[in-house]
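Notes follow once the structure below has been shown.
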Amino acid sequence: MGAAFVITLREAFEAALVLGIVYTYLYRTGAGLHARLVTAGAVAGLVASVLMGWLMTAASGPIADLGPDVIAIVVMFAAAGLLTWHGWWMQRQGRGIEGSLQRRIDEARDRRRLWVLALIAFTGVFREGAETVLFLWGLMSQQDASALSNVMAAALGIVAAAALGCATFAGGRRLSLRRFFAVTSIILLFVAAGLFSSGIGRLEGLGVLPRSPEVWDTSGVLDDHSLAGSFLAGLVGYRAHPSAFELAAYVAFAACAAWLFFAGRPTMTVVARSERRERAAVER
Amino acid sequence: MRHLALLTLAVMLVVPIAAIAADAPAEVALTIENHRFNPDEIRVKAGAPFTLVVTNKDGTPEEFESKSLRIEKVIPGGKTMRLRVPALKAGTYDFFGEYHEKTAKGRIVVE
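Those protein sequence lines, which keep their order, are chains A and B.
Every position in the first sequence, counted from 1, becomes a number in this note's numbering once 298 is added.
Every position in the second sequence, counted from 1, becomes a number in this note's numbering once 89 is added.
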């Protein structure tokens, strides 16, 4: 019964964290009204997960053998890209917060940016969604005596993950806006780097990339399958035995994202240009 | 820019499928029954890719997972799935069933 709790908590944790950050972001930038779009993204992710779970049960042949892997890898890379984009955006906003909060808030309401948030919610839920759906499905179809307690435990795992997401929301509300942007964009950077390196690892597992040697093995100290290990895996991409490619992908991605976030401080011309654009928008 | 992104996505989708569909390596059968793997030890030759043909005889799904092989695959109840494993170096590679970790354990010995 404990196992079912750990499994669903592990699967839902990353989605809860990402959703927590996105909702807090909307709330803090005064765009809370648009939370609906993000909720729609998350619900779409849920629907897609159920469909995918059903497809995996119904389909057979090469599509069933390979389809889920290909989709998983695409979703991982897409999520890594989207999260980086959003982190970069928050970082840029965070810099200009003092004195021009309202302006930034207006920018935050830009529709296109909201679509990115909805997509983030979608990929966040869909990434582990189909697996969770199949797991729950299996539990519910079990006939033995432990079935009910297993289902309860699994449900509790999801509730616990949701509580963690709410805690993120509560914590994020208390931070100063500038600090919230700084902290969450760094979290997103690590989550994204972890996703990217997992994607590379899966490509190795499929034989698309050649297998690279294992760099270290810390599974004796902290197995990435334990609860603590899997939290760290979701948060910073921890691996108990990463391959050379996974490690290189992680470092390269984190370095590029960090450079993107922290290096190119906006120059005067960029600021002036964006101000001019805003003024034009107001006049319209 | 948008076209480039779409093109990249399309290539990412097509390349793995094409690469994997290209050759047909040796097959190794693996059965899941009562949340256990049978056999729980598989011996294969080093340097040759192979296909694990995993049949789940249980009514419930199982996730075949191996950290060292970097494979995660849900196998619905009553289904057979083919998992392609690329050429491996000599050594032992553990795998387990994520949904029944206590009982579903096994390893691949590559020699």
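Glycine residues also receive a C-beta, built at the ideal position from the N, C-alpha and C atoms.
Asked                                                                                                             : Found
L96/B at chain A interface by Cβ criterion, 8 Å                                                                   : no
Option in L349/A, A561/A, V449/A, E309/A with minimal Cα separation from G436/A                                   : V449/A
Residues from the stretch 145-163 of chain B in contact with chain A, defined by Cβ distance under 7 Å            : G148, T149, P150, E152, K156, S157, L158, R159, I160, V163
Beta bridge counterpart(s) of E426/A as assigned by DSSP                                                          : Answer by DSSP bridge pairing: none, since E426/A is not bridged.
Below-8 Å beta-carbon distance, M354/A vs any chain B residue                                                     : yes
Expected contact under 8 Å - CB spacing of A208/B and I121/B to nearest Å                                         : With chain B represented from 90 up to 200, any question about residue 208/B goes unanswered, as that position is not in the structure.
Selected residue, minimal CA-CA separation from G492/A, among R477/A, P360/A, V549/A                              : V549/A
Identity of the residue in S496/A, D442/A, L504/A nearest S528/A by Cα                                            : S496/A
Three-pair Cβ contact test at 8 Å for the stretch 420-439 of chain A versus the stretch 326-345 of chain A        : yes
Cβ distance (whole Å) where S483/A is taken to contact V431/A below 8 Å                                           : That pair is no contact at about 31 Å.
D363/A in three-state terms, based on DSSP                                                                        : helix
Beta carbon of V481/A nearer than 8 Å to that of L473/A                                                           : yes
Spatial neighbours of G470/A in its chain, beta-carbon cut-off 6 Å, leaving aside the 5 residues before and after : T322, F478
Ordered list of beta strand (DSSP E) runs contained in the stretch 443-529 of chain A, each at least 3 residues   : none
Closer than 8 Å to chain B by CB, M566/A                                                                          : Confidence at M566/A is low in this model, with a pLDDT of 43, below 50, so the placement of that residue should be treated as unreliable; the coordinate-derived value is given next. Not an interface residue.
Beta-carbon proximity of G195/B to D147/B, cut-off 8 Å                                                            : no
S541/A versus G186/B - alpha carbon distance                                                                      : 22 Å
Those residues which DSSP pairs with L545/A across a bridge                                                       : Per DSSP, none; premise fails for L545/A.
Check whether G427/A and G318/A have beta carbons under 8 Å apart                                                 : no
Interface partners of A552/A on chain B, CB under 9 Å                                                             : Going along chain B, no residue has its Cβ under 9 Å from A552/A, so there is no contact; the nearest lies around 20 Å.
Short Cβ contact (8 Å threshold) for A526/A with A314/A                                                           : no
Proximal residues, the stretch 408-420 of chain A versus chain B, C-beta separation under 9 Å                     : none
Straight-line gap, M566/A to K178/B (C-alpha atoms, nearest Å)                                                    : With a pLDDT of only 43 at M566/A, under the threshold of 50, the placement of this residue in the model should not be trusted; the figure read from the coordinates follows. Using only the alpha carbons, I get a separation of about 56 Å.
DSSP three-state assignment for Y182/B, whether helix, strand or coil                                             : strand
With 16 other Cβ atoms within 10 Å as the buried cut-off, status of W557/A                                        : exposed
In DSSP terms, what G136/B is bridged to                                                                          : None, per the DSSP bridge assignment.
Among V117/B, L93/B, P150/B, nearest to R173/B - alpha-carbon criterion                                           : V117/B
Sequence-distant residues of the same chain with beta carbon closer than 8 Å to R326/A, five excluded per side    : G470, R471, L475, F478
Per-residue burial, A416/A [other beta carbons within 10 Å of its own, 16 or more giving buried]                  : buried
Proximity test, Cβ basis, 8 Å: I305/A and chain B                                                                 : yes
Counterpart residues of E309/A in DSSP-defined beta bridges                                                       : Its beta-bridge partners do not exist; DSSP assigns none.
Residue-level contact to chain A via CB, E207/B, 8 Å cutoff                                                       : Since the displayed chain B opens at 90 and closes at 200, residue 207/B lies outside it and no answer follows.
C-alpha gap between F488/A and K156/B, whole angstroms                                                            : 20 Å
Range of the contiguous beta strand (DSSP E) that encloses A538/A                                                 : Unbroken run through A538/A: none, as it is neither H nor E.
Straight-line gap, V143/B to Y182/B (C-alpha atoms, nearest Å)                                                    : 16 Å
Pairwise C-alpha distance: F184/B and V199/B                                                                      : 13 Å
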